[in-house]
Every structure is written in structure tokens, then in C-alpha cells.
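In the working numbering, the protein residues as written are 1 to 84.
Have a look at this one:
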């Protein structure tokens with residue numbers, strides 16, 4: 001099982017702060033994860049509609065979408081950060 005944590009409008013659109021899921025074997029990268037989550041329901045499809053802007057952190061370290069998530073205990077998904 002892998003813990004997924006959602007932040008900001010990703011959390012609001014999915015409707016939960018976090019969850020634990022069993023990732024299928026074909027989910028090997030952060031990008032694979034985003035594509036897989038979109039198959040879980042309309043709320044995921046809406047939250048991840050523009051998956052290219054979603055940031056991913058694996059075990060508290062930012063990763064690119066093509067990077068492996070093998071061995072991840074926690075994966076966080078969040079929108080781009082802005083601020084000043």
C-alpha cells in the first residue's frame with residue numbers, strides 16, 4: 001500500500017486529504033500514477049485534468065513525471081505553487 005496525500009485544489013476536487021491505495025504493477029512512474037488515478041472516478045479526472053501542471057513528491061522529494069516511484073511510502077500531489 002502507498003499513501004497518497006493531496007494538497008490545495010487537488011484535495012478539494014478529489015474530496016479527501018489522503019488515502020492508501022495498492023498500486024498496480026504497470027504504475028512505475030509519477031506520470032503513470034497520474035494516468036492511473038484518472039481511471040478511479042470523475043473526481044480524479046477533474047482534479048487531474050491538466051496532469052502536466054500537477055507536482056509530485058515521493059517520500060518528501062520532488063520528482064519529474066517520468067521518474068520512478070518504486071519503493072514510495074508516500075506520494076504527494078499538488079498544484080503549482082505561486083506566491084511572493
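We put the CB at the ideal spot given by N, CA and C, even for glycine.
{"Query": "7 Å Cβ shell around residue 48 - same chain, five flanking residues per side excluded", "Result": "34, 37, 38 and 54"}
{"Query": "Length of the line joining the Cα atoms of residue 76 and residue 14", "Result": "13 Å"}
{"Query": "Beta-carbon spacing of residue 26, residue 32 below 9 Å", "Result": "yes"}
{"Query": "Own chain residues within Cβ distance below 7 Å of residue 40, not counting five before or after", "Result": "none"}
{"Query": "Beta-carbon proximity list for residue 80, same chain, < 7 Å, skipping 5 on both sides", "Result": "53 and 55"}
{"Query": "Residue 77 - partner residues in DSSP beta bridges", "Result": "6 and 56"}
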